[in-house]
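According to our numbering, the sequence shown holds residues 57 to 675 in order.
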Amino acid sequence: MDPMAKLFGLTSKLQNLPEEKEKAISGYGYYDWGKSAFETSVTVAILPIWYAILFLEANGLTASTPLGTLTGDAVWALVIAIATLSVAILSPPFGVIADRRLVKMRWLKILTIVGAGGTFLLAFAPLFGDASWIWLMVMFLFANIGLNGAGVFYNAILPHLGKENELDDISNRAFAYGYLGGGILLVLHFALYLSLPDAAWVIPFCMATAGVWWYGFALLTFMWVPEPPVEQEMDKLKFTEAARFAIGEVRNTLRDYRDFPNLFLYLVAYFLFIDGINTITALAGVYGATVLGIGFTGLLTAVLLVQFVAAPSAVGFTRLADSIGTKKALFISICGWVVLCFAGLAFAPLELEDHDQHDILYEWNEAENSYSVYVSWSTFELAQKLDYEDEEFDEQAWASEWSYLLPIEQNEDEADLLVWKWGESEDEPNKVVLTGVPNSDILEFINSVDDTRFSVSVEGGDLDGTKEVGIDHPTDLGDGVLDGVPIWARDNLWQPMGLNVFLQFVILGCLMGTLLGGSQGLARSLFGQIVPETRSTEFYSFLGFFNKVAAFLGPTLYLFMTIAYDSRAGIFSIAILLLLGAILLYMVDVEAGRRDAENEDKRIRKKLADSQNSEPVES
Numbered sequence: 057m058d059p060m061a062k063l064f065g066l067t068s069k070l071q072n073l074p075e076e077k078e079k080a081i082s083g084y085g086y087y088d089w090g091k092s093a094f095e096t097s098v099t100v101a102i103l104p105i106w107y108a109i110l111f112l113e114a115n116g117l118t119a120s121t122p123l124g125t126l127t128g129d130a131v132w133a134l135v136i137a138i139a140t141l142s143v144a145i146l147s148p149p150f151g152v153i154a155d156r157r158l159v160k161m162r163w164l165k166i167l168t169i170v171g172a173g174g175t176f177l178l179a180f181a182p183l184f185g186d187a188s189w190i191w192l193m194v195m196f197l198f199a200n201i202g203l204n205g206a207g208v209f210y211n212a213i214l215p216h217l218g219k220e221n222e223l224d225d226i227s228n229r230a231f232a233y234g235y236l237g238g239g240i241l242l243v244l245h246f247a248l249y250l251s252l253p254d255a256a257w258v259i260p261f262c263m264a265t266a267g268v269w270w271y272g273f274a275l276l277t278f279m280w281v282p283e284p285p286v287e288q289e290m291d292k293l294k295f296t297e298a299a300r301f302a303i304g305e306v307r308n309t310l311r312d313y314r315d316f317p318n319l320f321l322y323l324v325a326y327f328l329f330i331d332g333i334n335t336i337t338a339l340a341g342v343y344g345a346t347v348l349g350i351g352f353t354g355l356l357t358a359v360l361l362v363q364f365v366a367a368p369s370a371v372g373f374t375r376l377a378d379s380i381g382t383k384k385a386l387f388i389s390i391c392g393w394v395v396l397c398f399a400g401l402a403f404a405p406l407e408l409e410d411h412d413q414h415d416i417l418y419e420w421n422e423a424e425n426s427y428s429v430y431v432s433w434s435t436f437e438l439a440q441k442l443d444y445e446d447e448e449f450d451e452q453a454w455a456s457e458w459s460y461l462l463p464i465e466q467n468e469d470e471a472d473l474l475v476w477k478w479g480e481s482e483d484e485p486n487k488v489v490l491t492g493v494p495n496s497d498i499l500e501f502i503n504s505v506d507d508t509r510f511s512v513s514v515e516g517g518d519l520d521g522t523k524e525v526g527i528d529h530p531t532d533l534g535d536g537v538l539d540g541v542p543i544w545a546r547d548n549l550w551q552p553m554g555l556n557v558f559l560q561f562v563i564l565g566c567l568m569g570t571l572l573g574g575s576q577g578l579a580r581s582l583f584g585q586i587v588p589e590t591r592s593t594e595f596y597s598f599l600g601f602f603n604k605v606a607a608f609l610g611p612t613l614y615l616f617m618t619i620a621y622d623s624r625a626g627i628f629s630i631a632i633l634l635l636l637g638a639i640l641l642y643m644v645d646v647e648a649g650r651r652d653a654e655n656e657d658k659r660i661r662k663k664l665a666d667s668q669n670s671e672p673v674e675s
C-alpha cells in the first residue's frame, strides 16, 4: 500500500480497498501533492517577495499601466484576473466535449505541461534585466492558466473514483496530500535559502524545482488514475464543429437550470465564497510583502505553518462532515473565512520603539567625534528607476540629494542609479563615518524621510532619540474610515500583547490553514454529491467556470477598491462576498439535489439503452 494512504486512510470508508482503487485514489492525491508546490513555494511564499523586490527596483512603489498608476499588489491581482478569465471562458465547452470523448486525462496532461512549464521558466527572470518582473508576470500567467485549466479535468475525475459516501474522504485526502507535499518542498526551499541567503541562484532554483516537482508527481497520476468512462460518446469532430457543439450544449445546460435548482443555487453560492477564498490565498503572500513589510524569511515561516496546519485539518473536517453532514461542515468553514477576512483588517505593524528597528540608523562615534550611518538589513532596496511620474515620489532624486549622508553607491549595471551600500556581513554592517557633517544637515535629512517609505533613528550625541517614520512606511496606517480598525487593534491588542505583524500574520495564517483544510475539499465533494455522474465533466466545468470567473472578479474587485481607496477597502469587499456565499449555501437543499442528479442519470442511461436496443442487428 502507498505509505501516504496509510497516513491519511483514517476513516473506515477508505480502508481495505481493492489494490487498483487504492492506487487510483493515491494517484489522484499525488496530483495535489505535486501542484501544491506552485501554490505554496511559488504563489504564496517565494515569488511574492521576489516579485516585490524586482517591481520596486524597476518601478518604485507604483507602475504606470493602461489602467493608471498601480501598486505592486494591484498589478499582481490584475495578472491573476486575466489568467482566470481565460480559463473561465474555455472551461464549459471543454467540459462538454470531455463528457463525450475519452480526453480527460489527455487534457490534464497537456495543461499540466503548460502550468509546470510556466513555473519552471520563472527561473529565467534574471536574464531579462529591468524587465525581469514582467517576465515573472508572463510566466506566472501561463502557470495559472495551466493550473486552473487542469483543475477542470482533475475535479471531474472525482465522482468516478468512489461511491457518493466516499467522496468527502477522497477529496479531503487529496487536499491533505497537497498540503503535506507542498509543505515538504517548501521546507527544502527554506533550508536552502537559510544556508545560502546571498546566492543569486537560490530563488531561480526554487522556481525551477517547483515546476519539476509538480510535473514529476503528476506522472503518478497519469500512470495510476484510469481514464473515466464515457456513457454518451460522440464521434470525433473537427475543432470548429466541436466548438459549435459544445457551445450548443452549454446553452442547453443553462436552460436546464429549472431541472437542477439546488445545483445551480450551489453554483452561485460557490461563485461567491470561492471568490473570497481564492482571492485571499492568491494575494496573501504579496500583501504580506508589499503592504505589511514582512520579509522573505518571515513569509516562508508563516506559509510553512499554514501548510502543516492545513494537512491534519483536512482530515478533521472529513470527520466533522461524517458527524454533522458535508453542507453543515462546509458552512462552518465559510463562516470562519468571513471572520478571518474581517480580522485581516486589523493587521497592524507595531510602532517602532527601539533604535535598531528602524531602516536608516545614525549612531554617535566617540572615536571620530561624529555620527556614523548604516542601513538595516531588513530594509528594502532603493527603487531602481529614473522615469518617475509627476505624482510619484522620486526615490532616486531623494537619495542623490542626500547621498553624502547615506551609505549608497552606484548600481553595478547602471551608473545613473543608486543602491544601498551593504556591509560584508550582518555582524559588521558597513557604517559610513560622517566626518565634518553638521548636525543641522542630519536633522534636515531626517525631516525629509517623512515623504518616503523608510524610517530613521539616531542614537547618541546631541540628536539622540531623534526619529522619523515615512508616510509610506508599513507602520503608518493612514487616516481612512477602515484605517481606524488596525489603529484600534494596535493600541488595544497588538502593542499591549507585544505581537508584531509577523506574529499576527502567523496567527491568522494558522486559522487560514485550518479553514483551507475543510473548505476546498468539502466544496468539491458536496458538488460531487449533487451532480449527475453521466454529465460530471460538463457540470464540473461549470463549477470550474464559476471558480475562474470568481477568481477573475475577486482580484478585479480588490484591484479597483485598492485604486479607489486602499488595500483595506479591498479586503472588506472580499469579506462581503464570503458572507453572501455563506447565506446562499445555507439555502441549498442537498437531498433534493441528490434526487435531481439520480433522476438525470436514470434518464440518460435509459435513453442510451433504448438507442442501443433500436440499432439494427447485422446478419
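Ideal placement from N, C-alpha and C gives every residue a C-beta, glycine not left out.
The DSSP-derived three-state label of residue 458 is coil. A contact is defined here as three or more CB-CB pairs under 8 Å, and the region 203–220 meets this definition with respect to the region 161–170. Look at the beta carbons and you see the region 211–221 not touching the region 353–360: under three pairs across the two are nearer than 8 Å. Residue 82 is not bridged by DSSP to any residue. Nearest Cα to residue 423 within the set 516, 464, 504 and 459: 516. Taking a C-beta distance under 7 Å as the contact criterion, residue 524 and residue 547 do not qualify as a contact pair.
When the five nearest sequence neighbours on each side are left out, the beta carbons in the same chain lying within less than 6 Å of the beta carbon of residue 104 are those of 341, 342 and 345, in order along the chain.
When only Cα atoms are considered, residue 390 and residue 557 end up about 25 Å apart. In the DSSP assignment, residue 474 falls outside any alpha helix (DSSP H) and within the unbroken beta strand (DSSP E) covering 474–476. CA-CA distance, residue 445 to residue 409, rounds to 34 Å.
The three-state secondary structure of residue 421, taken from DSSP, is strand. Taking the Cβ atoms as the reference, residue 514 lies roughly 4 Å from residue 418, within the contact range of under 8 Å. Rounded to whole angstroms, residue 589 and residue 328 show a C-alpha spacing of 25 Å. Taking all protein chains shown into account, residue 489 has fewer than 16 neighbouring C-beta atoms within 10 Å of its C-beta and is therefore exposed.
Among the bridge pairs identified by DSSP, residue 416 is matched with 431 and 512. Counting only runs of 4 or more residues that sit fully inside the region 344–402, the alpha helix (DSSP H) segments are 352–380 and 382–400, in chain order. With 16 or more other Cβ atoms from the protein chains shown falling within 10 Å of its own Cβ, residue 451 counts as buried. The closest CA to that of residue 265, considering only 91, 576 and 526, is found on 91.
Pairing residue 234 with residue 89 gives a Cβ-Cβ distance under 7 Å. Residue 230 and residue 202 do not touch by the CB rule: their CB atoms are close to 18 Å apart, not below 8 Å. Straight-line spacing of the CA atoms in residue 649 and residue 347 works out to 43 Å.
By the neighbour-count definition (other C-beta atoms within 10 Å, threshold 16), residue 405 is a buried residue. In terms of Cα proximity to residue 339, the closest of 665, 664 and 630 is 630. Here residue 246 has 356 as same chain residues with Cβ atoms under 6 Å from its own Cβ, once five neighbours each way along the sequence are excluded. Residue 502 is not a Cβ neighbour of residue 493, given a cutoff of 7 Å.
For residue 565, the closest C-alpha among the options 395, 182 and 260 is that of 395.
Note: residue 524 is bridge-paired with 512 in the DSSP secondary-structure output.
About 4 Å separates the Cβ atoms of residue 428 and residue 487, confirming a contact at the 8 Å cut-off. For residue 464, the enclosing beta strand (DSSP E) covers residues 464–466. Every unbroken stretch of the alpha helix (DSSP H) spanning 4 or more residues and falling wholly within the region 169–235 is given here in chain order: 188–213.
By the CB criterion at 7 Å, residue 96 and residue 242 fall inside the cutoff. Residue pairing from DSSP places residue 426 in a beta bridge opposite 421. Rounded to the nearest whole angstrom, the CA to CA distance from residue 282 to residue 77 is 10 Å. The beta-bridge partner set that DSSP reports for residue 489 consists of 428. Shown here for residue 115: same chain residues with a beta carbon closer than 6 Å to its own, the five before and five after excluded, namely 441 in chain order. In this structure, residue 518 lies near residue 495, with their beta-carbon atoms less than 7 Å apart.
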